[in-house]
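A quick write-up on the structure given underneath.
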Amino acid sequence: MKDRYNILLTLMGLEIGGAETHVVELAIGLKRQGFNIIIASNGGVYEKELLENDIKHYHVPLQNKNVKNMINAYYALKKIIRYENIDLVHAHARIPAFICGLLHKKMGFPFITTAHWVFNTAWGLKYITNWGQQTISVSEDIKKYLIKNYKMDEKNIKVTINGIDTEKFSPNIDVDDIIKEFELTGKNHIVYVSRLDSDRSEVAFQLVEIVPALSEKIQDLEVIIVGNGNVFNQLKRKADAVNKKLGRRVIVMTGGRTDINKFVALSNLFIGVSRSALEAMAASKPVIVAGNEGYIGIFDETKLFDAIDSNFTCRGLKMPHSNDLKRDILTVMTEMDDTQRSKIGSFGKKIIEERYSINKMVQDNIEVYMNTLSKPSENMKYDVMISGYYGFKNSGDDALLRAIIDNLRIFKQDIKITVLSMNPRETQRVYGVDAINRINIFKIWWTMKKTRLLINGGGSLIQDITSTKSLLYYLAVIRLAKKMGLKVMVYANGFGPVNRQRNRELTKQIINQVDVITLREEVSKKELEQLGITIPPIHVTADPAVTLSAATEEVIDNVFRKEGIDISVPLVGFSVRTWEGDEKYSEVIARTADYMIEQYGVHPVFIPMHYPRDLHITHNIISKMKGKGYAINNKYSVDETLGIIKRMDMLIGMRLHALIYAASFGVPVIGLVYEPKVEGFLKYIHQRSAGYVDQLEFEQLKNLIDDTWNRREEIKEELQNVTIELKEKAISNAKIAVELIEM
């Protein structure tokens, strides 16, 4: 690690605002910790403070979605990143994050973002939002928003706070200069601070509206509104009209200021939201927390939960109303005495000291910086590239990737992995590894130059029953890897069938060049022998998916509630997929499910392993049933799908990984064979099948069900003994891979 890092902070501008203040305070704090900080923005009033703290600022048009500005910003930032030798880019707000995200893909620098608020996701705006390799959220509710709306992995989100400098925000600040500048003569000062944009200024308009009523009750009142924005002039016209009506200047509008701490110190009551409210609390001032997104009111012990839960944004609470605002202002200014006002001010100061230290905010950011800087970047070498059927929303292949990554890390915790995926962004997010598009040949070639081992990763990849095109893809990746000098491991594959003669010859030629082959069952070994693949060492191990853990009981209970499935009776799982002759076998499965309802009082639960592809045949079968069948209609993670299957009392399945999941938890299985891999696995674990799907007969399946149901405790014990051995063999795949890396 370097001793001094060059960090680029990007944001829209440097005018008055909570996010802008956050960035300035963060920059100063980071500089004190020894980082070299550079800021790029459209500029504003805070530039002076950056200059005073010797922080370099570049003017870049990041303030809006104007296409010309965005293009200019892209090239300006690219030049800055190169010229300043930037080690990490930290973006604040949607436009800077979007542009930096494009540059991250091109230049490969470590990249993080901070989420200061929630964004509109309509009209495709969701897709111009880039949250970086890791994201810092300024509140728990924003974290929940990111997970819900952007499907972000919780592990990649760090919640921090809006850190406040308690020395800067103090009741003891000298305010004589602003009293003189604005010719203030009143003794009772209400101060409101916010950016005066149309989406931030509702409370400011309400405050101006109620000033005549307030001035009747509060002597020597002056209301000071600090901030600038696109409704400043509109608000000032209203304020001027109120002042004229009252015959004196009660409302003072200052415009944008950087000396907010002086206005805070001047106030007898402060009104604001988010960071500005916290700054006033730091100065021991009574605060009314109110903003466009909601209303909390007078901050005291009774409002602590709502305030902290929304990070003082009021998000999700009742909307502000001028009557509420007037009532609370009069309560503080006319009904409370000095002791009561001091008490709530002291409580606010205590909360800042305990929860909102600027040092904590800076350290939270440094923690994320260090985590991101320690991860592989575009210029870092990889131990492993994993090739497989990833990024297609297939639960079986998702499980394989998760198991391979987890098992590799058992033997090499710092292993550097990149994955070929159809959806690289999702793969990066879910698995915490680097990923590149599986069809981007140039990037694959470039990455292979920096990689030691290619893993042809699990599943039945080397076969032409699905298509010759698929087979040729995986063979081409292997051939390229060998030409680039990589070691290659065929990792726990199910092999074959390879039927076409030309494909068989090509497969023999390429697979004989790999360094080692591990297989998940004996049937695949026979297929290799028939193909004439004899040169690499061959080991029969087990499918990596048997090593995976299921989600907790509580999580799965919630899944069943969501899907409307009654778990008070036995559950029998069905895993089906489309196949030739769907109509015949779907009728047999529907009849079978009805039989199990009538005979054993179970609920049939249809579990799609390839989402949403398996849902069509699932609903087709359920529609043919006389009784009630249940479908898992939503997409769930690998551990959740494992947990669903773990709760079954028996499983009847076509999909191989549904059978593997069930067997790994001792759930009795009956297989429906559509490919040799299913039959091979069932033989490997000494369990029975109902034969090939195109020859499926109800009576044969019914007899097998009766026998399995009556022997299910015995079968469960058999499977538990078998899977202990399978798990040991599955983990041995990773051991072999790591040994290849380290040779």
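The numbering of the sequence shown is the working numbering, which starts it at 4 and goes up by one. Think of the CB as a built atom: it goes at the ideal place given N, C-alpha and C, for glycine as much as any other residue. Here the structure is a predicted model, which means the values were calculated and not measured.
For residue i, the three-state DSSP class (helix, strand or coil)
i: residue 21; result: helix
i: residue 10; result: strand
i: residue 175; result: coil
i: residue 455; result: strand
i: residue 743; result: helix
i: residue 509; result: helix
i: residue 153; result: helix
i: residue 607; result: strand
i: residue 118; result: strand
i: residue 737; result: helix
i: residue 62; result: strand
i: residue 482; result: helix
i: residue 646; result: helix
i: residue 813; result: The structure shown has nothing for residue 813, since the chain only spans 4 to 746.
i: residue 367; result: helix
i: residue 95; result: strand
i: residue 32; result: helix
i: residue 554; result: coil
Proximity below 8 Å, CB of residue i to CB of residue j
i: residue 496; j: residue 456; result: no
i: residue 227; j: residue 301; result: no
i: residue 252; j: residue 230; result: no
i: residue 559; j: residue 656; result: no
i: residue 115; j: residue 137; result: yes
i: residue 400; j: residue 393; result: yes
i: residue 94; j: residue 13; result: yes
i: residue 606; j: residue 633; result: yes
i: residue 578; j: residue 531; result: no
i: residue 155; j: residue 523; result: no
i: residue 59; j: residue 41; result: yes
i: residue 474; j: residue 501; result: yes
i: residue 81; j: residue 106; result: yes
Own chain partners of residue i with C-beta closer than 7 Å, once the 5 adjacent residues on each side are dropped
i: residue 267; result: 172, 194, 273, 282, 283, 286 and 288
i: residue 408; result: 420, 434 and 436
i: residue 484; result: 451, 457 and 491
i: residue 494; result: 407, 458, 459, 460, 461, 521, 736 and 740
i: residue 418; result: 386, 387, 411 and 412
i: residue 405; result: 434, 551 and 641
i: residue 356; result: 169
Among the options, the one whose alpha carbon lies nearest that of residue i
i: residue 360; options: 278, 330 and 475; result: 278
i: residue 503; options: 276, 534 and 26; result: 534
i: residue 718; options: 690, 571, 462 and 485; result: 690
i: residue 69; options: 93, 78, 98 and 85; result: 98
i: residue 573; options: 596, 587 and 555; result: 596
i: residue 468; options: 384, 498, 188 and 487; result: 498
i: residue 143; options: 308, 726 and 57; result: 308
Proximal residues to residue i (C-beta, below 6 Å), its chain only, five neighbours per side dropped
i: residue 447; result: none
i: residue 126; result: Its pLDDT being 49, under 50, residue 126 is placed unreliably by the model, and the measurement read from it follows with that caveat. So no residue of the chain qualifies.
i: residue 61; result: 43 and 83
i: residue 669; result: 719, 722 and 723
i: residue 328; result: 209
i: residue 570; result: 563
i: residue 241; result: 211
i: residue 271; result: 191 and 192
Span of the alpha helix (DSSP H), counted from its first residue to its last, around residue i
i: residue 679; result: 679-687
i: residue 283; result: 278-285
i: residue 705; result: 701-713
i: residue 338; result: Counting along the chain, residue 338 falls outside any alpha helix (DSSP H), and DSSP gives it neither H nor E.
i: residue 72; result: 70-86
i: residue 692; result: Not the alpha helix (DSSP H): residue 692 falls in the beta strand (DSSP E), residues 692-695.
8 Å Cβ cutoff, residue i in contact with chain C
i: residue 206; result: Of the protein chains in this structure there is only one, and it is not chain C.
Unbroken beta strand (DSSP E) run spanning residue i, endpoints
i: residue 575; result: 574-578
i: residue 268; result: First-last for residue 268: 263-269, but that is the alpha helix (DSSP H), not the beta strand (DSSP E).
i: residue 161; result: 160-162
i: residue 273; result: 272-275
i: residue 224; result: 224-229
i: residue 137; result: 137-140
i: residue 386; result: 385-390
Neighbourhood of residue i by C-beta distance below 8 Å, restricted to the same chain and skipping five residues each side
i: residue 612; result: 397, 398, 399, 578, 580, 644, 658, 660 and 661
i: residue 297; result: 313, 316, 317, 318, 319, 320, 321, 322 and 323
i: residue 682; result: 526, 674, 676 and 692
i: residue 33; result: 10, 40, 365, 368 and 369
beta-carbon residue i near the ligand FMN non-hydrogen atom, thresh 7 Å
i: residue 256; result: As presented, the structure is devoid of all ligands, the ligand FMN included, so that no description of it is given.
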